[in-house]
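**Student:** Count the sequence shown with this note's numbering and you get residues 2 to 246, in order. The structure under discussion is supplied below as structure tokens; questions concerning it will follow.
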Amino acid sequence: MLGFVRLNRPKVLNAINREMVSEILAAFEYMDREENVRAIVLSGNGRAFAAGADIDEMADEGSIDFERLNQFADWDRLAVVKKPIIGAVHGFALGGGFELALVCDILFAAEDAKFGFPEVNLGVMPGAGGTQRLTKLIGKTKAMEWLWTGEMHPAQEACDLGIINRVVAPEVLMEETKKFALQVAQKPPLSVRLIKDSVLKAIDYSLYEGMQYERKNFYLLFSSEDQKEGMRAFVEKRRPDFKGR
Ligand code: HXC
């Protein structure tokens, strides 16, 4: 089964306010605990995926407000959801909207999608991982260009740079995203989960540390029923019946 989360403030191009982040987080964490949900699909609505954090909410705030509200704690929790998060992006994915897309593990985008970090034009900069995640994905040189110019980039360019997985026609975006999510949902969930855990560690760890970490997860899977079932089914030349245990 798939879990669906759709951003829904279309009048303001899904500008992300704090309430919305905590609602997205609540939905993700609920689905993360719900055994039947095997993958989460995140999408936009109306003309955009999301055109950034809500500028109206932030415009008059000061640094002490940010410190006191500690809003990025919610963003940190989005990044430790264990189940696969598959994003379907159409229209604008800007600023905080782009940062939310970068929290996804896999991104499908419609041909009309536009990605960018326009924060520089507002006298600020990304604050929910944009400078870090974009740089790790596309390298310093391109990231600096994207972040300094604040320009929007078409889906195909984002795909060529490895930011997104696939570009598809707008009318089949959800269908194609769902198809991929279902493919992942049919795999043994513990393998999927520990692959995500290990790949995310590769971003932070040295190769040596990452390989030690990978090894522990590899060992751990040998305690699962699905490992026994998967290997037995191979030997017995039948389809495995994975239970997620
Ligand atoms: C609040 C927003 C918004 C935003 C759009 N709207 N983006 N409101 N915050 N980020 C509102 C507009 O005010 C407008 O409301 C309605 O949505 C439609 O937008 P228009 O501008 O009329 O549409 P259009 O002319 O098509 O232009 C689309 C756009 C433009 C190019 C995407 O809206 C735009 O530049 N938006 C801001 C993009 C941005 O700077 N994002 C980064 C935000 S800072 P009304 O009421 O007039 O109809 C950020 C920091 C992240 O994300 C920090 C970590 C969380």
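Every residue gets a Cβ at the ideal spot worked out from N, C-alpha and C, and that includes glycine. Values in this document were obtained by computation on a predicted structure and should not be read as measured data.
Sorry if obvious, but does the Cβ on P119 come closer than 7 angstroms to a heavy atom of the ligand HXC?
**Tutor:** For the purposes of this step, residue 119 is taken as residue 118 along the sequence shown, with counting starting at 1. Answer for P119: yes, Cβ within range of the ligand HXC.
**Student:** How long is the line joining the alpha carbons of Y206 and T142, rounded to whole angstroms?
**Tutor:** For this step, residue 206 is matched to residue 205 along the sequence shown. For this step, residue 142 is matched to residue 141 along the sequence shown. Their backbone Cα atoms lie some 22 angstroms apart in a straight line.
**Student:** Would you mind reading off the limits of the beta strand (DSSP E) that contains F42?
**Tutor:** Within the sequence shown, the letter at position 41 stands for residue 42. It should be noted that the sequence gives Val, not Phe, for residue 42. 40-44 is the span of the beta strand (DSSP E), which, as asked, contains V42.
**Student:** With hydrogens ignored, establish whether the beta-carbon of V104 is closer than 7 angstroms to any heavy atom of the ligand HXC.
**Tutor:** Within the sequence shown, residue 104 is the residue found at index 103, counting from 1. V104: no, Cβ never under 7 angstroms from the ligand HXC.
**Student:** Who pairs with G130 in a beta bridge, going by DSSP?
**Tutor:** Sequence index remark: in the sequence shown, residue 130 carries index 129 (1-based). None; G130 has no bridge partner.
**Student:** Anyone know if the C-beta pair for A54 and G97 falls short of 8 angstroms?
**Tutor:** To locate residue 54, count along the sequence shown from 1; it is residue 53. To locate residue 97, count along the sequence shown from 1; it is residue 96. Yes.
**Student:** Indicate, with yes or no, if the ligand HXC has a heavy atom lying under 7 angstroms from the CB of I25.
**Tutor:** As a working mapping, residue 25 is identified with position 24 in the sequence shown. No, since every heavy atom of the ligand HXC falls outside the 7 angstroms radius drawn around the Cβ of I25.
**Student:** Where does the unbroken beta strand (DSSP E) through R167 begin, and where does it stop?
**Tutor:** Counting from one through the sequence shown, the residue named residue 167 turns up at place 166. From DSSP, the beta strand (DSSP E) with R167 extends over 167-169.
**Student:** Any contact between the region 188-202 and the region 79-92? By contact I mean 3 or more CB pairs, one from each, below 8 angstroms.
**Tutor:** yes
**Student:** Pull the bridge partners of G92 from the DSSP assignment, please.
**Tutor:** As a position in the sequence shown, residue 92 is number 91, starting the count at 1. According to DSSP, which records beta bridges pairwise, G92 is partnered with A49.
**Student:** Indicate whether the contact test is met: 3 or more Cβ pairs, each with one atom in the region 60-74 and one in the region 111-118, closer than 8 angstroms.
**Tutor:** Contact between the region 60-74 and the region 111-118 is absent, because fewer than three Cβ pairs lie under 8 angstroms.
**Student:** Could you check where the beta strand (DSSP E) with F116 kicks off and where it finishes?
**Tutor:** Position 115 of the sequence shown, counted from the start, is the residue given in the question as residue 116. 115-117 is the extent of the beta strand (DSSP E) around F116.
**Student:** Leaving out five residues on either side along the sequence, give the residues of the same chain with a beta carbon under 7 angstroms from the beta carbon of S225.
**Tutor:** Position 224 of the sequence shown, counted from the first residue, corresponds to residue 225. Here the set comprises L191, R246.
**Student:** List the residues that DSSP assigns as beta-bridge partners of F5.
**Tutor:** The count along the sequence shown starts at 1 and reaches residue 5 at position 4. Per DSSP, V42.
**Student:** By how many angstroms is the C-alpha of K238 removed from the C-alpha of L43?
**Tutor:** Mapped onto the sequence shown, residue 43 falls at position 42. Mapped onto the sequence shown, residue 238 falls at position 237. Rounded to the nearest angstrom, the two C-alpha atoms are 37 angstroms apart.
**Student:** For the ligand HXC, any of its heavy atoms closer than 7 angstroms to the Cβ of G124?
**Tutor:** Stepping through the sequence shown from its first residue, residue 124 is reached at position 123. G124: no, Cβ never under 7 angstroms from the ligand HXC.
**Student:** Return the first residue and the last residue of the alpha helix (DSSP H) that I107 is part of.
**Tutor:** Along the sequence shown, read from residue 1 onward, the residue named residue 107 stands at position 106. Bounds of any alpha helix (DSSP H) do not take in I107; it lies within the beta strand (DSSP E) bounded by 107-111.
**Student:** Please state the DSSP three-state secondary structure of I139.
**Tutor:** By one-based count along the sequence shown, residue 139 stands at place 138. Correct three-state label for I139: helix.
**Student:** For the ligand HXC, I want to know if G211 counts as a neighbour, meaning its beta carbon is within less than 7 angstroms of at least one of the ligand's heavy atoms.
**Tutor:** Against the sequence shown, residue 211 aligns to sequence position 210. It does not: the Cβ of G211 is nowhere closer than 7 angstroms to a heavy atom of the ligand HXC.
**Student:** With DSSP run on the structure shown, which of helix, strand or coil describes A60?
**Tutor:** The residue given as residue 60 occupies position 59 in the sequence shown. Here A60 sits in coil by DSSP.
**Student:** Looking at the strands, I want to know which residues DSSP matches up with P155.
**Tutor:** Along the sequence shown, one-based indexing puts residue 155 at 154. According to DSSP, which records beta bridges pairwise, P155 is partnered with K115.
**Student:** Could you check whether E58 and N18 sit closer than 8 angstroms to each other, using their CB atoms as the reference points?
**Tutor:** The residue you call residue 18 lines up with position 17 of the sequence shown. The residue you call residue 58 lines up with position 57 of the sequence shown. A contact, by the Cβ cut-off of 8 angstroms.
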